[in-house]
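My numbering runs 631 ahead of the 1-based position in the sequence shown.
C-beta atoms are modelled at their ideal positions from N, C-alpha and C, and glycine is treated no differently.
Source: prediction; values computed, not measured.
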Amino acid sequence: MGNYLLGVDIGTTNISAVIIDCDKRKIVETHTVPNNSRIKTERDFSEYDAEWITEKAVSLINNLVAVYPDIKGIGLTGQMHGFVYVSADGKAISPFYNWQDGRGNRLTVGEKTYCQEIEERTGYVCNSGYAFATMFYNHENHLEPKEATSFCSIMDYIAMVLTDREAPLIHISNAASFGLCDIKNNQFDIEAVGKLNLTHIILPEIAKSSDIAGYYRNIPVAVAIGDNQASFFGSVKDEKSTALVNIGTGSQVSVVFDQYMKTAPNLEIRPYLFGKYLVSGSALCGGKAYAILEQFFADYVYEMTGRKESQYEIMNKIAEKSNINSSHLHVSTLFSGTRYSPKERGSISHIDDTNFTPGNLIIGVLYGMSNELKSYFDSMGQKGITHIVASGNAVKMNPVLQKILGNTFHSPIEMTKNNEEAAIGSALFAGVLCGWIERSCVKDFIISSGSEKGTT
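#1: If we require 4 or more residues per run, which alpha helix (DSSP H) segments fall completely within the region 790 to 828?
#2: In three-state DSSP terms, what is D858?
#3: Given Y846, which residues of its chain have a CB within under 7 Å of its CB, disregarding the five upstream and five downstream residues?
#4: With DSSP run on the structure shown, which of helix, strand or coil describes Q621?
#5: From A844 to T643, what distance separates their C-alpha atoms?
#6: Can you check which of these residues, F782, G865, Q731, is closest to D640 by C-alpha distance?
#7: So, for I651: in the same chain, excluding its five sequence neighbours on each side, which residues have a beta-carbon less than 6 Å away from its beta-carbon?
#8: With distances taken from CA atoms, which of M935, H959, G990 is nearest D983?
#9: Would you tell me roughly how many angstroms separate the C-alpha atoms of Y699 and V867, rounded to the nearest one?
#10: Please determine, among G995, Q1013, A823, the residue with the shortest C-alpha to C-alpha distance to M892.
#11: Report the rounded CA-to-CA distance for N1038 versus N986, giving the unit in angstroms.
#12: With N1049 as the anchor, note down where its alpha helix (DSSP H) starts and where it stops.
#13: Who are the near neighbours of V1073 in its chain, counting only those whose CB is closer than 6 Å to its CB and skipping five residues on each side?
#14: Does DSSP put P776 in a helix, a strand or coil?
#15: Taking the alpha-carbon positions, what's the S725 to L829 distance?
#16: What's the call for H1097, buried or exposed, on a 16-neighbour Cβ count within 10 Å?
#17: Grouping DSSP H, G and I as helix and E and B as strand, with all else coil, what is H770?
#18: Does the pairing of the region 1020 to 1035 with the region 674 to 690 give three or more beta-carbon distances under 8 Å?
#19: Rounding to the nearest angstrom, what Cα-Cα distance links M766 and T873 in this structure?
#20: Can you name the residues that DSSP bridges to G706?
#21: In this structure, does DSSP put D652 in helix, strand or coil?
#22: Among L898, S668, P776, whose alpha-carbon lies nearest the alpha-carbon of V756?
#23: Am I right that S882 and A861 are in contact with their C-beta atoms under 8 Å? What's the rounded C-beta distance?
#24: Smallest Cα separation from M711: which of K655, N758, E775?
#25: Give the straight-line distance between the Cα atoms of G1085 and Y903, rounded to the nearest whole angstrom.
#26: In the DSSP assignment, what are the bridge partners of G995?
#27: Where does T1087 sit, in a helix, a strand or coil, going by DSSP?
#28: Report, in whole angstroms, the separation of the C-beta atoms of W1067 and N634, which I expect to be a contact under 8 Å.
#29: Can you tell me the Cα-Cα spacing of K815 and K952, whole angstroms?
#30: Using a Cβ-Cβ cut-off of 8 Å (strictly less than) and excluding sequence neighbours within five positions of V689, which residues of its own chain qualify?
#31: What is the rounded straight-line gap between the Cα of F928 and the Cα of V996?
#32: Apply the 10 Å Cβ neighbour rule to M1000 and answer buried if 16 or more other Cβ atoms are within range, or exposed otherwise.
#33: Thinking C-beta only, is I749 closer than 9 Å to G733?
#34: Taking the alpha carbon of N694 as the point to measure from, which residue in T661, N667, A719 has its own alpha carbon closest?
#35: Looking at V1020: is its Cβ nearer than 9 Å to the Cβ of I850?
#36: Would the beta-carbon of G638 fall within 9 Å of that of G1056?
Next up, the structure:
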């Protein structure tokens, strides 16, 4: 017998779940399933099989509920911005269009992109991959399912399936990620939606602060929250003095603010939890930049040997032997552009007749990943940040990247020692929402350790 919380994270690469023991204040079990649901589409579309994801997530939940019958709350989180269309009876009737979808950057009849058209009509910046950008494109190009009644994120849909809801109930963190949302007043901008001719789609209900989505086998299911918010909640002990660097497929640097504020164009202010806000700078090509480099080396090895082998271990060994403070190559890792400048691309410079080596290229890419995040952090102008916490498998599995982050941010980097921080954050949020954890005690579940500032 015991008091447990279950948290699930629907990530781009993996679907993860954790079990937290409320009494012992520790994570007792972690499970990860590869997210192999990507659908082959046109080059700039990014679609996933929503039913496949849901089946895997529900199966994972069922297995853990069977082992831990005393679960007191279920938390859900996942990749933001993307969505799935749902029918009047609450069924998914489309693929899951995720945050990497590029159709919003396609040109309309004129020379404007669909995202630019949205901004011109509504005044809102709505980046490609955001739900309203994808929906606008789909509507204009007759790709909208006929039975589409409403829409929600993939984690909101899983909450619907678990609780037998026919209409989505969503957290403001997910609502804001879709675009066209008045986050100061916790509501969609209905007038802006009308300017895109999307009023036939019922907007999801935005939950009040104390709402739960419903019950699954008599277990309360919290409304799903965004993965940026969940990662922060599951990684940071002191919100006032800490910035969080999270590196997964994409990457982000985030800081909590007590009040709404205007931000620099390259930043985004998002609802956090319990009435606070997150200011975030997001790189579209975070850990993916390192994956692109790995694919480059893997392709070469394949042509030479005929074998397909992962090159990460060798790359990391080369990086560890390299001098991270030497005159390495200057690499911009904007391989997918940025949200505010989607056509921008990466580059390699400062090449001379001695430094164009695999080691310098690897170090250059790692610095490029780190420098982009540091540029966002500098734009925040937030004083009083004395701690940098890093999370995400891409940084945890790469000690050299940890050192480079320390060099770039001029600060020791604290690593979260718990894995699957977003899933942990969702479980802790469910624990607070369901009354099993006091907000002031959340920090007791978070474990971090120091890292070197950076060495040669």
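So, to answer that:
#1: Counting only runs of 4 or more, we get 803 to 808, 821 to 826.
#2: For D858, the three-state secondary structure derived from DSSP is helix.
#3: Excluding five sequence positions before and after Y846, the CB atoms of its chain that fall closer than 7 Å to its own CB belong to T794, V852, given in chain order.
#4: Residue numbering for the chain in the displayed model covers 632 to 1087; residue 621 lies beyond these limits and cannot be assessed.
#5: Separation of A844 and T643 (C-alpha to C-alpha, rounded to the nearest whole angstrom) is 23 Å.
#6: Restricting attention to F782, G865, Q731, the CA atom closest to the CA of D640 is found in G865.
#7: Around I651: L636, I658, A1058.
#8: Closest in alpha carbon position to D983, among M935, H959, G990, is H959.
#9: Our two residues, Y699 and V867, have alpha carbons roughly 27 Å apart in a direct line.
#10: Measuring from the Cα of M892, the nearest candidate turns out to be Q1013.
#11: Distance between the alpha carbons of N1038 and N986: 20 Å.
#12: It is not in any alpha helix (DSSP H) - N1049 carries neither H nor E in the DSSP assignment.
#13: Within the same chain, and ignoring the five residues on either side of V1073 in sequence, the residues whose Cβ sits closer than 6 Å to its Cβ are L1059.
#14: Of the three classes helix, strand and coil, the one that applies to P776 here is coil, per DSSP.
#15: Going from the Cα of S725 to the Cα of L829 covers about 17 Å.
#16: Nothing about residue 1097 can be read from this structure; the chain reaches only from 632 to 1087.
#17: It is helical.
#18: Short answer: they don't touch.
#19: Roughly 36 Å between the two C-alpha positions.
#20: Beta-bridge annotation (DSSP): G706 is paired with G638.
#21: Assigned with DSSP and collapsed to three states, D652 falls in strand.
#22: Nearest option by C-alpha distance: L898.
#23: About 16 Å separates the two Cβ atoms, so there is no contact after all.
#24: Cα-wise, what sits closest to M711 is N758.
#25: Below a pLDDT of 50, predicted positions are generally treated as unreliable, and G1085, at 47, falls in that range; the measurement from the model is reported next regardless. Distance between the alpha carbons of G1085 and Y903 is about 31 Å.
#26: Beta-bridge pairing links G995 to no other residue.
#27: Confidence at T1087 is low in this model, with a pLDDT of 37, below 50, so its placement is unreliable and the value that follows should be read with caution. Here T1087 carries a coil assignment [DSSP, helix/strand/coil].
#28: Contact flag correct, Cβ pair sits at about 6 Å.
#29: A direct Cα-to-Cα measurement between K815 and K952 gives close to 50 Å.
#30: Answer for V689: I789, V792, L793, listed in chain order.
#31: Roughly 13 Å separates the two Cα atoms.
#32: Around the CB of M1000, 16 or more other CB atoms lie within 10 Å, so the residue is classed as buried.
#33: The beta carbons of G733 and I749 sit no closer together than 9 Å.
#34: The residue with the shortest Cα to Cα distance from N694 is T661.
#35: For V1020 and I850, no; Cβs fall outside 9 Å.
#36: With respect to the 9 Å criterion, G638 and G1056 are classified as neighbours on the basis of their beta carbons.
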